[in-house]
Amino acid sequence: CHSTTVAGVANTWGYGAMTNSYNDMQNTKCALYIGSNAAEAHPVSMMHMLHAKETGAKMIVVDPRFTRTAARADEYVRIRSGSDIPFLFGLLHHIFKNGWEDKKYINDRVYGMDQIKADVMANWTPDKVEEACGVGEAQMYKVAEMMAKSKPATIVWCMGQTQHTIGNAMVRASCILQLALGNIGISGGGANIFRGHCNVQGATDVGPNPDSLPGYYGVAEGSWKHWCRVWGLDYEYVQSRYAEGMITKGGMTVSRWVDGVLENPELIDQKAGNLRGLFFWGHAPNSQTRGLDMKKAMDKLDLLVIVDPYPTAAAAMAAMPGDPAGLNPNREVYLLPATTQFESSGSITASNRSIQWREKVIEPLFDSRNDHMIMYQLAEKLGFEKELTKNLTMVKGKGGMMEPEIESILREINKGTWTIGYTGQSPERLKLHMKNMHTFNVRTLKAEGGPCDGEYFGLPWPCYGTPEAKHPGSPNLYQTDKHVMDGGGNFRANFGVEKDGVNLLAEDGSHSLGAEITTGYPEFTADMVKQLGWWDDLTEAEKAEAEGKNWKTDLSGGIQRVVMKHGCHPFGNAKARAVVWNFPDPVPKHREPLYSTKPDLVAKYPTHDDKAAFWRLPTLYKSVQEKNADIGKSFPLIMTSGRLVEYEGGGEETRSNPWLAELQQTMFVEINPAAANDRGIKHGDTVRVTTPTGAKIEVQAQVTRRVGPDTVFLPFHFSGHWEGKDMISSYPEGSAPIVRGESVNTATTYGYDVVTMMQETKTTVCQIEKLV
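For the sequence shown, this note's numbering begins at 1085 and goes up steadily by one.
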């Protein structure tokens, strides 16, 4: 869900994560929320913002819809869905025009801002901004002035920005705004990128992305060899588990599995052709687009396994009758009951990179098993359980069955994840934090006295070195006014030292507090440590391990320990990149969605060219957009989607909870009074929403001015109805959710981010009619 964030942010300043924390927002003077409805999607974070408002902080909310978050704003800005770049660069136009940018910060710590300024001043004048996003010059000036003159200022974005065909570019535009104002690397500033579940950040960190090993090491041969050393396995053995040439090839993204099944196998860049088997593990299919195609793909599989505490929409969709001609008669479908968070223990990583230890509340109920037991038992069936658990302690679990000890799993993660500093957070340190939560300051996250004195709650990564090094964690990334051993840092040297003759390292005098190297410097290697005369600071054992390695592959942690002893950052000291030369649009460009109601803007801001074999699959852009250039004549309403505070994710658990189910009993569409009146629709009517896919979903009309006359909104937590029919008979007996309704994603259209394959859920088109 945040793949465009990870790619865009990591390629700007080094790490693809939230830079500050919810708590640190209490120190801000101004917060810009764009594509974030925190009051419903992240209500705990909203409390921190309300505390900030009590001390005078200004709050700006930019959204196509007047949300519950917007109701708390000092300034609400309604933009056209998908027009974030015109808005953000429109702000930069006023900032540059009035000289409000932080010139010293840009000179010392940013590469390429001159190119951004030239583009913004030429292409995003107030008239062009208003044409593209619908916001007038006066309001644009007001917001720009609020951000520039109320510092430190922070920016918040979520799915409203990420889930577009140009989501990566929108994310980078947000980063560039903060770099221009000098708001990254300071308390109260930063890019606060909210994650939607308790462990989304942690899951991302340990490598589920199809182009990444744990710690974002990538799938290059050197990365595999590093992890093979951690796992105690021969690289040749691991390589033998893959088809020839596939071990270093990025995989297929979860957003595109449907095409992995349905696409012409000759166009798929993998030796085995089409996907034949699929695991849905803690995954809600109704959170993914193109529901009609998904049903066809499910029917065509050989094997579908659903691992979840509840039979999800996937179980019902698999059992629901489909096209007999498309159904694989040999298909097998299995439901494996997994435990909930209350029946398992272990470490989880929150949005702000803090790690918490979660204790088991009750023993697993019924036939459910925890995730690591299921993984181990699958490995047993596939014949590599000894390799999987080589470094792990095995203990008796449910029913006397053996399972990996959860603490030893974290120790293995600690042993290898040097890139992001996921190495210092041992189970013992995390458990000590949980027992002494009362000693941590809720605003700074720092312990004041007690056994954790001076450490930051949850040891937010990077927490460098071994646990014995006692790094305190890093509450705010890239913060130069703190020593590295107090969580300070600078931008990561991840993109080389020079580009086209321009220095990419930080300017002289720009460094973290107390660093012995006061210029910019590259990432540390053993040779660099020797050249600096620091090699003898390592122990003999550390020298033996560190020889020929760098800060990311030295399993002793010696390089990191010694570098920090001298006040320096293991990953170097460089400039952030306002221009990302390895992306399709080095300077972020506005491009219209594939399905747009504005043919004049499609002509001005066309999408990308089609791509062949991208993430293993052909991906369409211009051909879809050109074919649908006049789609607004038949489907004149912009359709967007989002969250409700009552439900979570796909909603199977929350819609099965009678107390929550009572609060929101019906799937609905928000429609403006003008659009409703033009269609003879009254509040509470049942209406049909149709989209270019041919889908026809039936929902209740909620007539409201929360959306403008050109936009409608539907929540995405519902499932259990399919184009007007209740699917209750397709659930295992007694397992259907109390509240069932149409999934908006039955009707959403094709479209994927050009860098990461993030699905485009936030901007498509539809038509609505009253059902007689």
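Even for Gly, the Cβ is constructed at its ideal location relative to N, Cα and C.
Quick check on this structure: which residue in the options has the alpha carbon closest to the alpha carbon of residue i?
{"i": "D1584", "options": "M1612, A1628, W1665", "result": "W1665"}
{"i": "N1414", "options": "S1814, L1387, A1398", "result": "L1387"}
{"i": "V1227", "options": "F1171, T1770, V1753, I1277", "result": "F1171"}
{"i": "Q1709", "options": "D1794, A1125, T1681", "result": "T1681"}
{"i": "E1487", "options": "L1466, R1495, R1453", "result": "R1453"}
{"i": "W1341", "options": "V1303, R1360, M1330", "result": "R1360"}
{"i": "Y1834", "options": "N1712, P1816, K1688", "result": "N1712"}
{"i": "L1472", "options": "G1481, K1480, L1462, I1200", "result": "L1462"}
{"i": "L1175", "options": "D1198, F1150, Q1223", "result": "Q1223"}
{"i": "I1044", "options": "I1504, G1366, N1276", "result": "The chain is shown only over 1085 to 1856; residue 1044 falls outside these bounds and no answer can be derived."}
{"i": "P1677", "options": "S1120, D1158, S1165", "result": "S1165"}
{"i": "G1590", "options": "T1433, Q1199, A1658, G1726", "result": "Per the sequence shown, residue 1590 should be read as Ala rather than Gly. Taking only the C-alpha atoms, the option nearest A1590 is A1658."}
{"i": "E1496", "options": "I1504, G1483, S1510", "result": "S1510"}
{"i": "E1443", "options": "I1390, E1416, K1515, T1788", "result": "K1515"}
{"i": "G1092", "options": "D1620, S1324, E1215, I1277", "result": "I1277"}
{"i": "H1135", "options": "E1159, I1144, D1108", "result": "D1108"}
{"i": "I1446", "options": "T1433, K1465, T1424", "result": "T1424"}
{"i": "G1598", "options": "M1569, G1604, D1592", "result": "M1569"}
{"i": "C1850", "options": "Y1326, V1219, S1718", "result": "S1718"}
{"i": "V1513", "options": "N1525, W1502, L1494", "result": "In the sequence as displayed, the identity of residue 1513 is Arg instead of Val. When each option's Cα is compared against that of R1513, the closest is L1494."}
{"i": "G1329", "options": "Q1354, Y1321, I1163", "result": "Q1354"}
{"i": "E1737", "options": "E1416, T1373, I1822", "result": "I1822"}
{"i": "D1769", "options": "F1180, K1142, K1530, V1856", "result": "V1856"}
Taking its Cβ as the centre, do 16 or more other Cβ atoms sit within 10 Å of residue i, making it buried, or is it exposed?
{"i": "V1161", "result": "buried"}
{"i": "K1379", "result": "buried"}
{"i": "F1450", "result": "exposed"}
{"i": "M1841", "result": "buried"}
{"i": "A1264", "result": "buried"}
{"i": "D1714", "result": "exposed"}
{"i": "Q1563", "result": "buried"}
{"i": "R1193", "result": "buried"}
{"i": "R1700", "result": "buried"}
{"i": "A1697", "result": "exposed"}
{"i": "Y1418", "result": "exposed"}
{"i": "W1619", "result": "buried"}
{"i": "M1133", "result": "buried"}
Just curious, the alpha helix (DSSP H) that residue i is in, first and last residue?
{"i": "F1363", "result": "Counting along the chain, F1363 falls outside any alpha helix (DSSP H), though it belongs to the beta strand (DSSP E) covering 1361-1365."}
{"i": "Y1321", "result": "1319-1324"}
{"i": "G1344", "result": "1341-1346"}
{"i": "D1762", "result": "1757-1762"}
{"i": "P1742", "result": "1742-1745"}
{"i": "M1336", "result": "Where M1336 is concerned, there is no enclosing alpha helix (DSSP H), given that its DSSP letter is neither H nor E."}
{"i": "G1286", "result": "1284-1289"}
{"i": "L1134", "result": "1127-1138"}
{"i": "M1205", "result": "1197-1207"}
{"i": "W1441", "result": "Per DSSP, W1441 belongs to no alpha helix (DSSP H); it is in the beta strand (DSSP E), 1439-1442."}
{"i": "R1772", "result": "Premise fails: R1772 lies in the beta strand (DSSP E), 1770-1774, not in any alpha helix (DSSP H)."}
{"i": "T1089", "result": "1087-1097"}
Considering only their Cβ atoms, is the gap separating residue j from residue i smaller than 7 Å?
{"i": "N1520", "j": "P1544", "result": "no"}
{"i": "W1596", "j": "G1573", "result": "Position check: residue 1596 holds Ser in this sequence, whereas Trp was assumed. Going by C-beta atoms, S1596 is nearer than 7 Å to G1573."}
{"i": "G1100", "j": "V1090", "result": "yes"}
{"i": "I1755", "j": "V1796", "result": "yes"}
{"i": "E1489", "j": "T1477", "result": "yes"}
{"i": "T1246", "j": "H1086", "result": "yes"}
{"i": "P1670", "j": "R1256", "result": "no"}
{"i": "S1431", "j": "I1439", "result": "yes"}
{"i": "T1249", "j": "P1294", "result": "no"}
{"i": "G1335", "j": "N1104", "result": "no"}
{"i": "S1129", "j": "Y1106", "result": "yes"}
{"i": "G1500", "j": "V1314", "result": "yes"}
{"i": "V1646", "j": "L1622", "result": "yes"}
{"i": "F1655", "j": "E1607", "result": "yes"}
Which residues bound the beta strand (DSSP E) around residue i?
{"i": "E1730", "result": "Here E1730 belongs to no beta strand (DSSP E), and DSSP marks it neither H nor E."}
{"i": "H1177", "result": "It is not in any beta strand (DSSP E) - H1177 instead sits in the alpha helix (DSSP H) that spans 1168-1181."}
{"i": "S1803", "result": "Per DSSP, S1803 belongs to no beta strand (DSSP E) and is neither H nor E."}
{"i": "A1697", "result": "1695-1698"}
So that I know if they touch, is there some Cβ in chain C lying closer than 7 Å to that of residue i?
{"i": "L1744", "result": "Protein chains in the displayed structure number just one, and chain C is not present."}
I'd like to know if the segment 1107-1119 and the segment 1237-1245 are in contact, where contact means that at least 3 CB-CB pairs between them fall below 8 Å.
yes
Would the segment 1554-1572 count as touching the segment 1528-1542 if we require 3 or more Cβ pairs under 8 Å?
yes
Using a Cβ distance threshold of 8 Å, determine whether the segment 1689-1696 contacts the segment 1328-1347, with at least three qualifying pairs required.
With the rule of 3 Cβ pairs closer than 8 Å, the segment 1689-1696 does not count as touching the segment 1328-1347.
If you pair each beta-carbon of the segment 1790-1806 with each one of the segment 1814-1827, do three or more pairs fall below 8 Å?
yes
Could you say if the segment 1148-1155 and the segment 1713-1733 meet the contact criterion of at least three C-beta pairs nearer than 8 Å?
Yes: at least three Cβ pairs fall under 8 Å.
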